[in-house]
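Asks:
In full-length UniProt numbering, the protein residues as written are 1 to 308.
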């Protein structure tokens with residue numbers, strides 16, 4: 001597939017969105033040319049950093065984060081509207097890769113957010129990259145909303161967790177449509193090099209125990225009797241809505257290649273599992289790509305038989 005152009009759609013899904021780094025790496029490894037990107041929430045972050053030509057720098061940073069590092073990046077607030085401001089983590093990433101204007105990207109990029117008051121989607125295809133990402137990742141009750149020009153902006157996943165039609169608006173006839181759904185209702189992949197990986201904080205003090213408990217608020221268990229906490233319940237309710245919206249989108253627009261990442265791959269804040277999640281993305285792409293090639297071969301075979 002060397003030289004084949006790709007219109008890439010990256011979905012929302014908290015830390016699971018890191019897996020989309022692996023998808024991008026596999027696309028490039030197989031010779032695809034990503035010619036435009038649309039992203040929502042974590043998909044907007046990964047897609048925006050990629051289009052800014054700094055994905056490798058971001059990857060090297062995030063795979064070295066441990067639980068303590070992730071927690072320190074969460075600037076908690078009591079101001080209302082959300083638990084976390086989000087300025088600290090985005091400030092760290094901006095310091096890492098520098099400021100960027102979306103309209104200057106060589107690859108067209110669109111980030112999707114939600115205007116709560118107008119009850120409609122907002123598209124960022126120009127302006128400051130990190131303002132666009134901050135609005136797109138504003139998960140209700142988790143991150144404080146963004147107020148800009150009289151608009152109250154929240155996570156794009158509220159209305160469009162997999163913004164296929166945004167990418168389709170300018171899709172060219174020679175572009176394959178590739179979409180990554182990180183909220184798939186499928187069993188998570190088990191990787192042999194990461195057997196039941198549950199990274200623990202070094203030390204056995206009270207702080208370390210509390211930190212481990214914090215990250216378990218939304219971890220996924222196979223035990224149906226395990227009690228779900230308030231945060232986990234809110235987050236899974238949001239994911240349920242996203243799943244239904246995604247299924248409706250996929251009924252209307254069918255990607256040439258659809259990569260499914262299980263919603264149970266990790267919890268929303270388990271960014272310290274980045275290395276594992278990137279490998280999940282790579283393997284999930286290989287599965288989807290193999291399926292695409294098989295279907296393509298079957299279609300060619302049927303067409304050939306019809307000609308005979």
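Cβ coordinates follow ideal geometry from the N, Cα and C atoms, glycine included.
Would you report the Cα separation of residue 111 and residue 72, rounded to the nearest angstrom?
Replies: For residue 111 and residue 72, the distance between alpha carbons rounds to 26 Å.
Asks: Where does residue 16 land, buried or exposed, given buried means 16+ other C-beta within 10 angstroms?
Replies: Per the 10 Å Cβ criterion, buried.
Asks: If you drop the 5 nearest sequence neighbours on each side, which residues of the same chain put their C-beta closer than 7 Å to that of residue 87?
Replies: Answer for residue 87: 75, listed in chain order.
Asks: Can you give the Cα-Cα distance for residue 267 and residue 157, rounded to whole angstroms?
Replies: Their Cα atoms are separated by approximately 17 Å.
Asks: Looking at the unbroken alpha helix (DSSP H) that takes in residue 178, where does it start and where does it end?
Replies: That residue, residue 178, is in no alpha helix (DSSP H); its beta strand (DSSP E) goes 175-184.
Asks: Assuming residue 126 and residue 40 form a contact by the criterion Cβ under 8 Å, report the distance between their Cβ atoms to the nearest whole angstrom.
Replies: Not a contact, Cβ separation roughly 17 Å.
Asks: On the CB-based measure, 16 or more other CB atoms within 10 Å of its CB, does residue 10 come out buried or exposed?
Replies: So residue 10 counts as buried.
Asks: Check each candidate in 28, 149 and 20 and name the one with the smallest Cα separation from residue 265.
Replies: For residue 265, the nearest C-alpha among the options comes from 20.
Asks: Residue 18 to residue 104, Cα distance in whole Å?
Replies: Each residue's alpha carbon lies about 24 Å from the other.
Asks: Counting along the chain, where does the beta strand (DSSP E) carrying residue 103 start and finish?
Replies: Segment: none, residue 103 is in no beta strand (DSSP E) and carries neither H nor E.
Asks: Starting from residue 29, follow the alpha helix (DSSP H) in both directions and report where the run begins and ends.
Replies: Where residue 29 is concerned, the enclosing alpha helix (DSSP H) stretches over 19-29.
Asks: For residue 198, does the three-state DSSP call read helix, strand or coil?
Replies: Only weak support exists for where residue 198 lies, its pLDDT of 47 falling under 50; the value from the coordinates is given anyway. Note: residue 198 maps to coil in three-state DSSP.
Asks: Tell me whether residue 155 is buried or exposed, calling it buried when 16 or more other Cβ atoms sit within 10 Å of its Cβ.
Replies: Flag for residue 155 reads buried.
Asks: Please say whether residue 55 and residue 310 have beta carbons closer to each other than 9 Å?
Replies: The first residue shown for the chain is 1 and the last is 308, placing residue 310 beyond what the model contains.
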